[in-house]
Every structure is written in structure tokens, then in C-alpha cells.
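In short: position in the sequence shown from 1, add 1, done, that's my numbering. Working notes, beginning with the structure itself.
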Amino acid sequence: MATASANPLSMNPVRQKKLLWVLATLAGAVIAVVLVLYAIGQQTDYYYDPTAISAGKAPQDTRIRAGGMVVRGSVQRDTTDPLQVNFKITDFKSTVPVTYHGILPDLFAEGSGVVATGELNGNTFQAKEVLAKHDENYMPPEVAKSLKTEHQARGVDTQRAEFDPQTMKQ
2 MATASANPLS
12 MNPVRQKKLL
22 WVLATLAGAV
32 IAVVLVLYAI
42 GQQTDYYYDP
52 TAISAGKAPQ
62 DTRIRAGGMV
72 VRGSVQRDTT
82 DPLQVNFKIT
92 DFKSTVPVTY
102 HGILPDLFAE
112 GSGVVATGEL
122 NGNTFQAKEV
132 LAKHDENYMP
142 PEVAKSLKTE
152 HQARGVDTQR
162 AEFDPQTMKQ
């Protein structure tokens, strides 16, 4: 009786064909997982608050998300292009100027929370998309977290729309 060799070349041709199919399927699965992870990585927008942006921690010319409260009195519309809007967002520690060209959401207002997606160009955030809170009790989770962290010791109620970020008083 002959003993089976560990060399795959001496395998039964049917068994060798099955092994090749298993290896090809495994290689295809690995390639699919790598492509999915790459695609997810390309669609990920990292969130930065105004303090991190002002400190230079946010990358330049890379798609990111920036969030905070719209500073009262900072919204300015271009007289020649009504879709061009400039405003500032704050986390009550730092303020970042934002430019946006497009139609703002109906719920966009001074003193309300926003999250904008776009790119940082110098010290100005150029937004491609602006999302506003959807009711008086909602604040985007990233904004709420950064505001809570910043003002927990001060006892500031950042959920209230009456909070004035310019004077830092309620």
C-alpha cells in the first residue's frame, strides 16, 4: 500500500482541483474585504470641533466634518450671489469662519447647532454641505459632546438657544 505524499503535485487531480477552487475563493474573499475596507475608509469624514481646527489638528484640503453653534450676528450673505453665505461656528472656546455656497437648511439659524462637511482651506472652512438641528431639543452628537466637555465645569447650559456664544453668557 502506497502512502500519500505531502506534495500537492502528487495529489489526486480531483482533490487538487478542489484545493485550487478553495484557495481561489479564499483569495477572492480577502480581496473583497480589502476593497470594502478601502471604500469605507474613503467615505469616512472625521469630525473636528472649532478648537481642534484652530489648533491646527484638522488636515488641510481633506474632507472633514466640523460642528458647533452658529455665532449670533455672524451670518452674512453675499449681495452679488445670494447663495454665498459666510458664518462662524463656535464650541464656546474657539471660533472658525465658514463659507458655504448653496441653499441652507430651513432650520439653520444663529445660535443653533450645525455640522458642516467640507474642506479646511487656511483658517476658513469651506462647507459643501450644512446640516442643522431638527428640533429645539436636538443637537448633533459630536457637537453636544464637544460642548459638554468644554463647559461642564462652567455649568453652562449649551442646549438653550438663548446662550450667546459671543458674550459666553446666558
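Each residue gets a CB set at the ideal place from its N, CA and C atoms; glycine is no exception. Quick caveat, the model's predicted, so the values are computed rather than measured.
Exercise. Leaving out the 5 sequence neighbours to the left and right, which residues in its chain are closer than 6 Å to K170 when beta-carbon positions are compared?
Worked result: Residue placement at K170 is poorly supported in this model, since its pLDDT is 44, which falls under 50; the coordinates are not used for a value here.
For this session: Using only the heavy atoms of the ligand SAH, determine whether one of them is closer than 7 Å to the beta carbon of K129.
Result: Absence of the ligand SAH from the depicted structure is noted, as is the absence of any ligand whatsoever, leaving it without description.
Exercise. So which of T150, R78, M70 has the shortest CA-CA distance to T91?
Worked result: M70
Problem set entry | Neighbourhood of Y47 by C-beta, 6 Å cutoff - its chain only, sequence neighbours within 5 removed | I65
Exercise. Would a C-beta distance cut-off of 8 Å place S113 and A133 closer than the cut-off?
Worked result: yes
Exercise. Among S75, K94, T63, which residue has its Cα nearest to the Cα of V86?
Worked result: S75
Problem set entry | Euclidean distance between Cα positions of G119 and K94 | 21 Å
Problem set entry | Under the three-state DSSP convention, the category E111 falls into | coil
For this session: Report all residues from its chain with a CB closer than 7 Å to the CB of K129; omit the five preceding and five following residues, and keep chain order.
Result: T118, G119
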